[in-house]
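Below is one structure, written out as C-alpha cells; comments come after it.
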Amino acid sequence: MDCAKPIVCWFEEVNKDSVALVGGKCSSLGELINAGVRVPPGFALTTRGYAQFMRDAGIQSEVNGLLAGLDHQDMDKLEEASRLIREMIESRPMSIELEDLIAESYRKLSVRSCIPAVPVAVRSSATAEDLPGASFAGQQDTYLWIRGVDSVMHHVRRCISSLYTGRAIAYRMKMGFPHEQVAISVGIQKMANSLTAGVMFTIHPTNGDRSVIVIDSNFGFGESVVSGEVTPDHFVVNKVALDILERTISTKTVCYTVDFKEQKSVALEVPFERQNIQSIVDDEITELAWMGKKIEQHYGRPMDIEWAIDKDLPAGGNIFILQARPETIWSDKPKAPASSGAMSAMDFIVSSLIAGKKVS
Amino acid sequence: MKFPVPHDVKAATIPGTEGWERMYPYQYQFVTDDPERNQYEKETFWFYDGLHYPEPLYPFDTIWDEAWFLALSQFNNRIFQVPPVRGVDHRMINGYVYISPVPVKDGAEIGSRVPNFMERAGYYYKNWDALEAKWKTKMEATIKQLEELKIEGLPELEDISVVNDAIGESKGYHLIKNYDDLINLGIKCWQYHFEFLNLGYAAYVFFMDFTQKLFPSIPLQRITQMISGIDVIMYKPDDELKELAKQAVALGVDGAVVGNRDWVAVKLAVEKLPKGAEWLAAFEKARYPWFNISTGTGWFHTDRSWNDMLDIPLSGIQTYIGKIKAGVSIDRPVEEVRAERDRITAEYRALITNEADLKQFDELLGCAKTVFPYVENHLFYVEHWFHSVFWNKMREVAAIMKDHGMINDIEDIWYLRRDEIKQALWDVVTAWATGVKPRGSFTWPPEIEWRKGVMEKFRQWSAPPAIGIAPEVIQEPFTIVLWGVTNKSLADWASVQEVSDPDSISELKGFAGSPGIVEGKARVCRSAQDIRDLLEGEILVAPTTSPSWAPAFAKIKACVTDVGGVMSHAAIVCREYGMPAVVGTGHSTKVIKTGMMLRVDGSSGAITITR
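Respectively, the protein sequence lines represent chains Y and U.
Quick note: the first sequence uses our numbering, first residue 212, plus one each step.
Quick note: the second sequence uses our numbering, first residue 38, plus one each step.
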C-alpha cells in the first residue's frame with residue numbers, strides 16, 4: 212500500500228489520471244472542475260481509504276473465505292454470500308482515524324456550502340466504471356439527501372458493500388478478476404437542490420450530428436428526465452454559435468423534489484399552471500450549451516452530461532454539471548463518410564446534378 | 038405526388054376576366070387544342086414562382102420573365118449543356134407565373150452531355166474571376182448605352198438641322214428604333230444576368246447539400262454565412278450615405294441636412310451655407326450610380342429607386358448623422374464580421390472527423406466562395422441599376438403615348454404588352470407623320486380600364502403552389518434553390534391563409550434568417566418611404582428589403598419580411614448587425630400592425646404576436 216496516497220481528497224485535487232485513486236466518477240468530476248466547469252463541491256474516500264477500511268476491519272480474508280469455491284453461475288449461492296458479506300461490511304465500525312478524516316471533510320463541505328449538515332449524495336466510484344466500452348453503470352449504489360456525519364458514514368459503508376452484490380461477484384469471477392484487486396472509492400458531494408435539471412448530449416442522439424447540443428429538461432431533479440417518466444422540454448442548440456435552433460415545450464406532469472425528513476426525493480405533480488411553461492430559461496440553455504461545448508472540447512469527444520440548476524444559489528453561478536461521460540451510441544460506431552471519396556468541385560457538381568434533389 | 042391538373046385550374050376562369058389571356062404572351066397558356074402539348078403540360082410539374090412574383094404580373098413587366106425564360110434555358114441547354122436538364126419552361130394562370138424544369142429523360146443522352154458540360158462549365162469555374170471581370174465591363178457598357186438612349190417626342194416640324202445635315206431620318210423613326218433599342222438592351226442585360234448565375238447556384242446548392250449531409254441540423258443561415266462576401270457591392274449605397282453623413286458633420290451642414298424630411302427643402306437650406314455647395318456636389322457624385330438602388334427587388338415597375346425618391350436616402354443620412362452626434366460608430370465592423378465568419382467555418386470544419394469529407398468540404402467551400410460574390414453582386418447591376426434606369430426610360434415612352442392620347446396616364450403603360458406598345462407606337466408615328474388621329478387613342482384607354490379590373494380580380498385569387506405531377510427529383514440548379522425555398526414558404530403561408538380571421542393569428546413562421554430572440558414593438562413599413570417613421574428599437578416588418586433599406590437597420594432591433602430566404606438582404610444585414618431576422622413569412626405585413634408587441638426568434642424562424 213502506497214502511504215503517500217491520501218485517504219480522502221477534494222474533487223478539485225484529482226483529474227482524469229486519478230481513476231486508480233478515486234474511481235471513474237470522482238476523477239471525472241475532478242477533471243471537470245479543473246477544466247473550468249462548475250460542479251457541486253465534494254470529496255472522495257479514496258481507494259486507499261477503502262483498502263484501509265477493509266484491512267482495519269479485518270474483512271478481506273473473511274470475504275475470500277466466503278467466496279472460495281463458488282460457481283459464478285450459481286446465483287442462489289452467490290446471492291447468499293453477497294448478503295453475508297454486505298451485512299459484515301455495513302456493520303463493522305470504521306477505524307477512528309478514518310472516521311475522523313471523513314467527518315472533518317464533511318464539515319468543511321458544509322462550511323463551503325453555507326449549509327449546516329449539508330445534504331450530500333454518497334455514491335460509489337468504481338475503478339472500472341465510466342470507462343468507454345466497459346460500463347458497469349448502475350452496479351454500484353447512490354444515496355441521495357444524506358445529512359449528518361453518522362448518516363454519511365453509514366452510507367459510505369453501504370457504497371463499499373455494493374462491490375459485493377451477487378452480480379458484481381459473478382461478473383468478476385467470470386472475467387477472472389481477483390476480488391482482492393478490486394477497489395472502490397466513494398464520492399461525497401453536495402446535493403444540487405435543483406429547480407430544473409436534465410441531461411445534455413453534445414451530439415444529436417437521433418442523427419449523430421456533431422454540430423448540435425441537445426438538452427432535455429424538467430422541473431426538479433433530473434431523475435424524471437433520466438428515467439423517462441415525463442416527456443421533458445427539448446432543445447436543440449447550435450454548438451458552433453450557441454443559438455437555440457429548436458424548442459419543444461412539453462406538458463410536464465411530474466417532477467421530483469426532496470423530502471428532507473425522509474431524506475429522499477419524492478414525485479410531485481407539477482402545478483397545472485406550470486406544466487406547459489418552459490422549464491429552463493434561454494440564457495441558462497445558452498450557458499449550459501457553452502459548458503457542454505467546453506466539456507466536449509476537454510475530452511475530445513461527444514459527451515453525455517447530467518446537469519442541474521440549483522435553486523439555493525443566485526443566477527450566474529447556479530448551473531452545475533453533475534456527471535459527464537462519453538457518449539457511446541454514435542461515438543463507437545464508425546461514421547459513414549458523407550462523401551464518396553473527395554472529388555473536384557466540378558466532378559461533385561456534375562454527379563450531384565445527375566443525382567438530382569428529391570422533391571419533398 | 039399529384040397536384041391539381043393545370044387545365045382544370047385554368048378552366049375555372051374568374052368571372053369578369055374572360056379573355057385575360059391576351060394580356061400575356063400566347064405561348065404562356067396551358068392549352069387544350071393541341072393534344073401533344075396538352076399531354077406534356079398534364080404530365081409536367083409546375084410550381085408557382087411566388088418568391089419572384091408575389092403579385093400577378095402586369096403585362097409589360099412580363100418582359101423580365103420572358104428574358105430569363107430565354108436566358109436561363111439557353112445557358113443550361115445550349116451553352117453549357119447541364120447534363121440532366123434542358124431549360125425551364127414557363128406558363129401563366131391569372132397573371133401568376135408557373136415554371137418547370139425540363140429533364141433529359143434518356144440516360145444515354147445525359148451521358149453524352151457530360152463532356153460538353155465539363156468542358157464548358159469547367160472553363161467558367163476555372164477562369165471565374167477573369168470572366169467575371171469581363172462580365173462587369175460588358176454590363177457597364179450595356180448600362181451606359183441605356184443611359185445614353187434618348188426617348189424624344191414627335192415635333193410639329195422637324196428641326197432645320199435634319200435638312201441642313203441631310204440626316205434623312207425623322208423623330209418618328211427614331212422613336213420606333215429607340216423603343217426597340219430600349220427593349221433589346223433589357224433583353225441583353227438579362228442574357229448577362231444568367232451567364233454566371235446558374236453555375237453559381239450549382240456550386241452553392243451542392244456545397245449546401247454536402248454540408249447538410251455532414252451536419253443535418255446546420256441552419257442554412259450558417260452555410261450562407263460561411264460563403265458570403267464581405268466587401269460586396271450591396272453595401273456600397275449604404276456606405277455612401279454614411280460617408281455623406283460624416284461629410285455633413287465635417288462641413289458643418291449637418292444641422293441643415295437633418296432640418297427637414299423633404300429633400301427639396303434640405304437642398305435649399307444647404308445651398309445657403311458656406312460649405313453647402315461642396316456637400317451637395319458630394320451628394321450628386323454619390324447618386325451615380327449608387328442611388329440607382331431600387332427600393333424593392335427591382336423586378337417591377339412599381340419598385341422606385343433612391344434617385345426617384347431622394348427623401349429616402351436623405352432619411353438614411355439623417356439617421357447616420359444622429360448616430361454620429363450620439364457618438365455611435367456607424368462603420369461596418371468588417372474585421373469582426375470576417376473574424377466571425379472564419380471562426381464559424383473553422384469550428385464546423387473541426388467537427389468533421391473523416392479525412393475524405395474534410396477534403397471535399399474544403400474543395401466545395403472554396404468553389405462556393407469563388408462564385409458567391411457574383412450571386413450577390415449581379416443584383417446591383419441588373420435588378421437595381423439597369424432596371425431603375427430602364428423603368429424611367431419606359432416612362433418617357435409612356436409620356437409620349439399619353440401626349441398622343443393612347444393612354445390616360447403614364448402609369449397605364451404597364452397594362453400593355455411590350456409588343457402591343459410597339460404596335461401602338463407605329464400607330465402613333467404613322468398618324469403623326471400623316472397628320473391624322475391614331476386609331477389606338479380610341480381602343481387602348483377602355484382596354485386598359487378593363488385590364489385594371491382584371492388585375493384587381495387576379496390579386497384576390499390565390500395561386501395553387503403546384504400543379505401537374507411532381508417528379509421524384511429536380512436536377513436544375515436554379516429550380517432546386519427556388520423550389521427549396523418556395524415549397525417550405527408556401528406550406529407555412531398556407532396555414533396562415535386558411536385562418537379566416539387574421540386578428541386571431543398569434544404565430545407566424547418563416548425562415549430563420551439571423552439568430553437570436555428579441556421582443557419589441559412592431560413597425561410595419563410597406564415601402565421604403567415608411568422607414569422614415571421608424572423609431573429606435575422597433576422591429577421592422579416589411580414586404581421585403583433591399584440595400585436601399587440599409588439605414589433602417591441602424592435603428593431597429595429585429596427584422597421580419599414577407600418574402601425572401603436566407604440569402605435575402607434582410608437576413609444578410611441582420612446577421613452582420615447581430616440582430617434576429619425571420620424572413621419569408623408570407624403574410625407578416627398583413628397580419629402584424631404597427632405597435633403590436635412581437636417576439637422574434639431568428640434561430641427557429643418563429644414570430645409570436647403578444648397582443
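Heads up, the beta-carbon is just placed ideally off N, CA and C, and yes, glycines get one too.
Please read all numbers here as calculations on a predicted model, not as lab measurements.
Neighbour list for residue i in chain U, Cβ cutoff strictly below 7 Å
i, result
"Ser555(Y)", "Glu400"
"Asp420(Y)", "Phe252, Pro253, Ser254"
"Ser461(Y)", "What Ser461(Y) touches in chain U: nothing, since even the nearest Cβ is about 16 Å away."
Proximal residues of chain U, C-beta to C-beta of residue i below 8 Å
i, result
"Ala452(Y)", "Arg259, Ile381, Pro552"
"Ala559(Y)", "The residue asked about is misnamed: residue 559(Y) is Phe in this sequence, not Ala. The answer, in chain order, is Phe243, Phe247, Gln397, Glu400, Leu401."
"Arg458(Y)", "Ser641"
"Val447(Y)", "Ser254"
Rounded C-alpha distance that separates residue i from residue j
i, j, result
"Met492(U)", "Thr581(U)", "22 Å"
"Ala167(U)", "Thr174(U)", "11 Å"
"Thr257(Y)", "Ile506(Y)", "24 Å"
"Ala387(U)", "Val451(Y)", "10 Å"
"Glu665(U)", "Leu564(Y)", "In the structure as shown, chain U starts at 38 and stops at 648, and residue 665(U) therefore has no counterpart that could be examined."
"Gly615(U)", "Tyr354(Y)", "47 Å"
"Thr645(U)", "Gly547(U)", "12 Å"
"Arg74(U)", "Thr332(U)", "40 Å"
"Asp341(Y)", "Thr468(Y)", "Bear in mind that a pLDDT of 37 at Asp341(Y), under 50, signals an unreliable position, so the model cannot answer this."
"Gln76(U)", "Tyr90(U)", "27 Å"
"Lys142(U)", "Pro121(U)", "8 Å"
"Gly398(Y)", "Val441(Y)", "28 Å"
"Gly349(Y)", "Thr539(Y)", "Interpretation of Gly349(Y) is limited by its pLDDT of 40, a score under 50 that renders its predicted location unreliable; the figure taken from the coordinates is listed afterwards. The alpha-carbon atoms of Gly349(Y) and Thr539(Y) are separated by roughly 16 Å."
"Pro274(U)", "Ser641(U)", "31 Å"
"Val419(U)", "His415(Y)", "43 Å"
"Tyr272(U)", "Glu156(U)", "35 Å"
"Val628(U)", "Val119(U)", "42 Å"
"Phe398(U)", "Ala318(U)", "49 Å"
"Pro584(U)", "Glu373(U)", "21 Å"
"Glu573(U)", "Ala478(Y)", "49 Å"
Residue i: CB within 6 Å of a non-hydrogen atom of the ligand COA
i, result
"Pro138(U)", "Looking for the ligand COA in the displayed structure turns up nothing, as the structure carries no ligands at all."
Best match in the options for proximity to residue i [C-alpha to C-alpha]
i, options, result
"Ala302(U)", "Arg324(U), Ala287(U), Leu347(U)", "Leu347(U)"
"Cys404(U)", "Asp558(Y), Asp494(Y), Lys568(Y)", "Asp558(Y)"
"Leu309(Y)", "Val393(Y), Cys220(Y), Cys237(Y), Thr417(Y)", "Cys220(Y)"
"Phe479(U)", "Leu545(U), Asp464(U), Arg259(U), Thr390(U)", "Asp464(U)"
"Glu223(Y)", "Ser324(Y), Val448(Y), Asn245(Y)", "Asn245(Y)"
"Val333(Y)", "Arg421(Y), Val437(Y), Gly253(Y)", "Gly253(Y)"
"Tyr61(U)", "Tyr95(U), Ser583(U), Trp83(U)", "Tyr95(U)"
"Phe84(U)", "Gln284(U), Thr54(U), Phe515(U)", "Phe515(U)"
"Trp343(U)", "Trp336(U), Gly353(U), Phe328(U), Glu448(U)", "Phe328(U)"
"Thr598(U)", "Ser585(U), His44(U), Ile576(U), Glu513(U)", "Ile576(U)"
"Pro140(U)", "Arg560(U), Gln566(U), Gly602(U), Glu513(U)", "Glu513(U)"
"Asp285(Y)", "Lys385(Y), Phe432(Y), Ile371(Y)", "Lys385(Y)"
Amino acids of chain U, ordered along the chain, whose beta-carbon sits closer than 9 Å to that of residue i
i, result
"His509(Y)", "Near His509(Y) there are no residues of chain U at all, since even the closest Cβ is about 14 Å away, more than 9 Å."
Amino acids of chain C, ordered along the chain, whose beta-carbon sits closer than 7 Å to that of residue i
i, result
"Asn391(U)", "Of the protein chains in this structure, namely Y and U, none is chain C."
Residue i: contacting residues in chain Y (beta-carbon distance under 7 Å)
i, result
"Ile485(U)", "In chain order: nothing, as chain Y lies at least about 40 Å away."
* Contiguous beta strand (DSSP E) assignments of at least 3 residues, all confined to the stretch 515-547 of chain Y -> Qualifying beta strand (DSSP E) stretches, in chain order: 530-537.
* What residues from the stretch 113-124 of chain U come within 9 Å of chain Y, judged by C-beta to C-beta, listed N to C? -> Within the stretch 113-124 of chain U, the residues whose Cβ lies closer than 9 Å to some Cβ of chain Y are Val119, Pro120, Pro121, Val122, listed in chain order.
* To do: Note down, one range per segment and in chain order, each alpha helix (DSSP H) of at least 4 residues found wholly within the stretch 266-338 of chain U.
  => Given a length threshold of 4 residues, each whole run of the alpha helix (DSSP H) inside the stretch 266-338 of chain U is given here in chain order: 273-287, 291-294, 300-308, 313-327.
* Asked: Which ranges does the alpha helix (DSSP H) cover as unbroken runs of at least 4 residues, wholly within the stretch 388-468 of chain U, from first to last along the chain?
  -> Within the stretch 388-468 of chain U, the runs of alpha helix (DSSP H) at least 4 residues long that lie entirely inside it are, in chain order, 392-416, 424-440.
* Asked: Which residues, in chain order, does the stretch 162-193 of chain U contribute to contact with chain Y at a C-beta distance below 8 Å?
  -> Listed by position, the residues of the stretch 162-193 of chain U near chain Y (Cβ gap below 8 Å) are Tyr162.
* Asked: Going along the chain, which residues of the stretch 138-160 of chain U sit with their C-beta nearer than 7 Å to a C-beta in chain Y?
  -> Cβ contacts with chain Y come from Ile147, Val151, Phe154, Met155, Gly159.
* Chain-ordered residues of the stretch 325-344 of chain U with a beta carbon less than 7 Å from chain Y -> Correct list: empty, as no residue qualifies.
* **Length-filtered (3 minimum) beta strand (DSSP E) runs lying within the stretch 477-522 of chain U** => Complete beta strand (DSSP E) runs here, min 3: 503-505.
* Positions along the stretch 605-624 of chain U whose CB lies within less than 7 Å of some CB in chain Y -> Listed by position along the chain: nothing, the set is empty.
* **Segments assigned alpha helix (DSSP H), at least 4 residues, entirely inside the stretch 114-186 of chain U** => Uninterrupted alpha helix (DSSP H) stretches at least 4 residues long and entirely within the stretch 114-186 of chain U occur at 144-163, 165-185, given in chain order.
* **Continuous alpha helix (DSSP H) assignments of at least 4 residues falling wholly in the stretch 216-253 of chain Y** => Listed in chain order, the alpha helix (DSSP H) runs fully inside the stretch 216-253 of chain Y are 230-245, counting runs of at least 4 residues.
* Using a Cβ-Cβ cut-off of less than 7 Å, give me the residues of the stretch 527-551 of chain Y that come near chain U, in sequence order. => Hits within the stretch, in order: Lys546, Pro548, Ala549, Ser550.
* **Residues, ordered as in the chain, of the stretch 225-240 of chain U that lie near chain Y by beta-carbon distance below 7 Å** => Identification of residues in the stretch 225-240 of chain U having a C-beta nearer than 7 Å to some C-beta of chain Y yields Ala239, Ala240, given in sequence order.
* Enumerated in chain order, which unbroken segments of the alpha helix (DSSP H) with a length of 4 residues or greater are wholly contained in the stretch 269-333 of chain Y? -> Uninterrupted alpha helix (DSSP H) stretches at least 4 residues long and entirely within the stretch 269-333 of chain Y occur at 271-278, 286-302, 307-324, given in chain order.
* To do: Only counting runs of 3 or more residues, tell me where the beta strand (DSSP E) segments fall wholly within the stretch 584-619 of chain U, in order along the chain.
  => Runs of the beta strand (DSSP E) lying entirely within the stretch 584-619 of chain U and spanning at least 3 residues, in chain order: 595-598.
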